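The next block holds one structure in the form of structure tokens; read it before the comments.
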Amino acid sequence: MSQPLFIPVDFDPFAKGELQSTVPTTESQQEIWLSVQMGDDANCAFNLSMVLNLSGSLNLEALHFALETIVERHESLRSTFSPDGRQLCIAPSIKFDIPLISLEELSIDEQKQAWQNIQTDAVKQPFDLIWGPLFRVKLVRLIPQEHRLLFTAHHIIFDGWSLGIFYSELSTLYNAKKRGKIPKLPHVIPFSEYALWSQQQMRTEAYLLAENYWLNRLNPPVPPLNLPTDRPYPQERSFKADREDWEISATTIVPLKKIGMSQGATFMITLTAAFEVFLYSLTQQSDFVLGIAIAGQSVSDKFQLIGHCVNLLPSRTKVNPQINFADYLRWRSDTLMSDIEHHQLTFGSLLKKLKLTRQPNRIPLISIRFNVDRVTKPQKLHLDGLTVESSIGTRYYENFELFIDALETEEQLLLRCYYNTDLFEAQTISSYLQEFERLLNKIVDSPQLTIAQYAEQLSLEMQARCLRIPDESSVAKVNKNGKMTSWLQQRRRPKTVLTVGTLEAQLIDIWENLLQTGPISVEDDFFDLGGNSLLMMVLAAEIEKQFAIKLPLRSLFYASSIENLAKIIRQKKSD
Numbered sequence: 001m002s003q004p005l006f007i008p009v010d011f012d013p014f015a016k017g018e019l020q021s022t023v024p025t026t027e028s029q030q031e032i033w034l035s036v037q038m039g040d041d042a043n044c045a046f047n048l049s050m051v052l053n054l055s056g057s058l059n060l061e062a063l064h065f066a067l068e069t070i071v072e073r074h075e076s077l078r079s080t081f082s083p084d085g086r087q088l089c090i091a092p093s094i095k096f097d098i099p100l101i102s103l104e105e106l107s108i109d110e111q112k113q114a115w116q117n118i119q120t121d122a123v124k125q126p127f128d129l130i131w132g133p134l135f136r137v138k139l140v141r142l143i144p145q146e147h148r149l150l151f152t153a154h155h156i157i158f159d160g161w162s163l164g165i166f167y168s169e170l171s172t173l174y175n176a177k178k179r180g181k182i183p184k185l186p187h188v189i190p191f192s193e194y195a196l197w198s199q200q201q202m203r204t205e206a207y208l209l210a211e212n213y214w215l216n217r218l219n220p221p222v223p224p225l226n227l228p229t230d231r232p233y234p235q236e237r238s239f240k241a242d243r244e245d246w247e248i249s250a251t252t253i254v255p256l257k258k259i260g261m262s263q264g265a266t267f268m269i270t271l272t273a274a275f276e277v278f279l280y281s282l283t284q285q286s287d288f289v290l291g292i293a294i295a296g297q298s299v300s301d302k303f304q305l306i307g308h309c310v311n312l313l314p315s316r317t318k319v320n321p322q323i324n325f326a327d328y329l330r331w332r333s334d335t336l337m338s339d340i341e342h343h344q345l346t347f348g349s350l351l352k353k354l355k356l357t358r359q360p361n362r363i364p365l366i367s368i369r370f371n372v373d374r375v376t377k378p379q380k381l382h383l384d385g386l387t388v389e390s391s392i393g394t395r396y397y398e399n400f401e402l403f404i405d406a407l408e409t410e411e412q413l414l415l416r417c418y419y420n421t422d423l424f425e426a427q428t429i430s431s432y433l434q435e436f437e438r439l440l441n442k443i444v445d446s447p448q449l450t451i452a453q454y455a456e457q458l459s460l461e462m463q464a465r466c467l468r469i470p471d472e473s474s475v476a477k478v479n480k481n482g483k484m485t486s487w488l489q490q491r492r493r494p495k496t497v498l499t500v501g502t503l504e505a506q507l508i509d510i511w512e513n514l515l516q517t518g519p520i521s522v523e524d525d526f527f528d529l530g531g532n533s534l535l536m537m538v539l540a541a542e543i544e545k546q547f548a549i550k551l552p553l554r555s556l557f558y559a560s561s562i563e564n565l566a567k568i569i570r571q572k573k574s575d
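Quick note: the sequence shown uses full-length UniProt numbering, first residue 1, plus one each step.
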């Protein structure tokens, strides 16, 4: 076999102007960068939007000063990426606009519509990771005493932890400027320091232990979690999404916390375990993976850090339906804490090590993500002379099939559920959230019941939704009574006789050279042979070189066999 191929990069980092420094991107950032290559929808799935409702006399000079100082302090907000996603390019300073959009001349109804359009545009507009900037700020005036501040950032440089720092520094800087005082801020942690620390962690004993831990945790392979959907999965992975919110009162949450404390479990673990019982009730699958995010700022002791520091853990559970919730919670608390202790290995690094059967229409391993946060009353959001209310903007693209963000306040638990609209109807998601609340109440009222008994008490409507179809190659239409009324289609693939032509032979040669393995057949899957997202980039470059055609990475991900790849190349050359 010949020498491995390399990615040709035509990139001058100084074309952007003077740079303060360049550092290698973190593994987590590379995972996002590769996902973004799937297209604009995938890119927009990482847009995070935050809104501040500002009532009172707004000092524009103080607001501009605060925002400009935050950007000056934090490297991530002045960063862009090299075209191959390997380098973070940090500018010493950047120019950014804070447009003031006046809606004062509009009626109240017109203002509501215009404001909705502004928020929608903010999350539907993709960021350019190469040229930046990777955040946008807009200020909207409804009347002289009412403003809306809209801040949108790409997740590759901003996370949930970052938002707390952003709000805290915004308050300190705004108030100091308005009072004519020098702001007192804590020492800032450069993101470049975190990125280098992250690289160093990959050479530690703890990292190797974490790698072995996760390979053992996910062996044997975990079956995909198949939540009942309204529509079959599309042929290609979809990112279109929406959000449904659901509020659960303290009368349910307070006794649930007591159950958790009696088993030595935090509220985060208690609620996660309850959600897993709910997933078991819907799917009757006892062995599955749930995505749990860990903040890198806390595990690295770099608390005053804005950036993307999230690590996604594929936490595997095995629900025993014959035990009660308290027993399951006690077991789950131990396993989940062990998962968190072995946080060092990133999700993307783990995927490279696992031999997974890839499905072009589903995210590997983790289809559902669950997150629990506590929201304290806004000391961090005190702006002199203003009444401030904060909220998270919705988004219309999502990386996961289902993502529940549970926010605990003093009065209630707010469930924000982002869902794939190509799979689910809004009514279905509302039904799921309502049923989850019913389960929480059952756990509180009847903690002695087994998990199987909880599952048996699903509502009739939910039982109808969860009707399992015995022939997995078919799709059945189900009515409200849970009866199969008609067969919609059969989806059996006919057996085909495959031939190897000149094009296929060339591709086999490229694959064997790239993957350093052989012999390879036209039906073999690129990822099953040891390929990964970075090698897919090398493959794209070599195809462009040998066949003089440029294929988007999205096409290569979906055509992960030589048979399908050859079809795409022939189609492209005939166009």
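Backbone N, C-alpha and C define an ideal beta-carbon position, used for all residues, glycine too.
If you're wondering where the values come from, they're calculated on a predicted model, not measured in any experiment.
Buried versus exposed, by CB contacts within 10 Å (16 or more), residue i
i: residue 576; result: The structure shown does not extend to residue 576, since the chain spans only 1 to 575, so no value can be given for it.
i: N212; result: exposed
i: Q297; result: buried
i: H147; result: buried
i: M337; result: exposed
i: Q116; result: exposed
i: N43; result: buried
i: T317; result: buried
i: D121; result: exposed
i: Q322; result: exposed
i: A206; result: exposed
i: I569; result: buried
i: V123; result: buried
Span separating the alpha-carbon of residue i from that of residue j
i: E276; j: S315; result: 11 angstroms
i: N166; j: A426; result: Reading off the sequence shown, one finds Phe at residue 166, where the question assumed Asn. Going by the C-alpha atoms only, they are around 32 angstroms apart.
i: P99; j: D109; result: 22 angstroms
i: E408; j: K257; result: 12 angstroms
i: A274; j: T428; result: 19 angstroms
i: Y174; j: G164; result: 15 angstroms
i: S55; j: I143; result: 10 angstroms
i: F65; j: S93; result: 14 angstroms
i: C89; j: A541; result: 23 angstroms
i: I118; j: N53; result: 14 angstroms
i: N59; j: D339; result: 47 angstroms
i: L350; j: E68; result: 38 angstroms
i: I101; j: F135; result: 17 angstroms
i: T204; j: P190; result: 22 angstroms
i: E105; j: Q145; result: 14 angstroms
i: L271; j: D373; result: 11 angstroms
i: T229; j: L279; result: 13 angstroms
i: residue 620; j: S49; result: This structure gives no information on residue 620, because the portion of the chain shown stretches from 1 to 575.
i: A326; j: F267; result: 13 angstroms
i: A91; j: D84; result: 18 angstroms
i: R383; j: S390; result: It is worth fixing the name first, because residue 383 is Leu in this sequence and not Arg. When rounded, the distance between both Cα atoms is 12 angstroms.
i: P552; j: D509; result: 21 angstroms
Check whether residue i and residue j have beta carbons under 8 angstroms apart
i: S57; j: G385; result: yes
i: P360; j: F557; result: yes
i: P223; j: D287; result: yes
i: P186; j: Q304; result: yes
i: A406; j: N441; result: no
i: F96; j: V71; result: yes
i: L139; j: V51; result: no
i: A241; j: E411; result: no
i: R141; j: L103; result: yes
i: D543; j: K573; result: In the sequence as presented, Asp is not what sits at residue 543; that position holds Ile. For I543 and K573, no; Cβs fall outside 8 angstroms.
i: S238; j: D40; result: no
i: D525; j: R358; result: yes
i: L402; j: L529; result: no
Next item on the list: Counting only runs of 4+ residues fully inside the segment 183–224, write out the alpha helix (DSSP H) ranges in chain order.
Entry: Secondary structure remark: continuous alpha helix (DSSP H) runs of at least 4 residues inside the segment 183–224, in chain order: 191–201, 205–217.
Margin query: Using a Cβ distance threshold of 8 angstroms, determine whether the segment 206–222 contacts the segment 332–351, with at least three qualifying pairs required.
Written below: Touching, yes.
Check: Three or more beta-carbon pairs under 8 angstroms between the segment 549–566 and the segment 502–520, yes or no?
Finding: Yes, the segment 549–566 touches the segment 502–520.
Item checked: Touching by the beta-carbon criterion (3+ pairs, under 8 angstroms), the segment 282–296 and the segment 304–312 -> Yes: at least three Cβ pairs fall under 8 angstroms.
Next item on the list: Mind listing, in chain order, the continuous beta strand (DSSP E) runs of no fewer than 3 residues lying wholly within the segment 356–420?
Entry: DSSP assignment within the segment 356–420 yields the following whole beta strand (DSSP E) runs of 3 residues or more, N-terminal first: 368–374, 386–392, 402–408, 412–420.
Notebook entry, point to check: Are three or more beta carbon pairs between the segment 330–340 and the segment 253–271 nearer than 8 angstroms?
Noted result: In short, these stretches touch, since the Cβ pair count reaches three.
Notebook entry, point to check: Does the segment 432–446 touch the segment 236–255, meaning 3 or more C-beta pairs lie closer than 8 angstroms?
Noted result: Contact between the segment 236–255 and the segment 432–446 is present: three or more C-beta pairs spanning the two stretches fall below 8 angstroms.
Next item on the list: For the segment 443–463 and the segment 409–422, state whether three or more C-beta atom pairs, one from each stretch, are separated by less than 8 angstroms.
Entry: Contact between the segment 443–463 and the segment 409–422 is absent: fewer than three C-beta pairs spanning the two stretches fall below 8 angstroms.
Margin query: Check whether the segment 118–130 and the segment 19–27 touch, using three or more Cβ-Cβ pairs below 8 angstroms as the test.
Written below: Because the criterion of three Cβ pairs below 8 angstroms is not met, the segment 118–130 and the segment 19–27 do not touch.
Checklist line | Complete runs of the beta strand (DSSP E) confined to the segment 73–112 [at least 3 residues] | finding: As summarised for the segment 73–112, the continuous beta strand (DSSP E) elements at least 3 residues long and confined to that stretch are 79–81, 87–90, 100–102, given in chain order.
Next item on the list: Ignoring anything shorter than 3 residues or poking outside the segment 231–302, list the beta strand (DSSP E) runs there in chain order.
Entry: DSSP runs (the beta strand (DSSP E)) wholly in the segment 231–302: 241–249, 287–295.
Notebook entry, point to check: What runs of the alpha helix (DSSP H), each 4 residues or longer, lie entirely inside the UniProt domain "Carrier" (498–573)?
Noted result: If only uninterrupted alpha helix (DSSP H) runs of at least 4 residues are considered, those enclosed by the UniProt domain "Carrier" (498–573) are 502–515, 533–547, 553–558.
Next item on the list: Entirely within the segment 304–335 and at least 3 residues each: give me those beta strand (DSSP E) ranges in chain order.
Entry: List check, beta strand (DSSP E) in window: 310–318.
Checklist line | Contiguous alpha helix (DSSP H) assignments of at least 4 residues, all confined to the segment 430–465 | finding: Listed in chain order, they are 451–456, 460–465.
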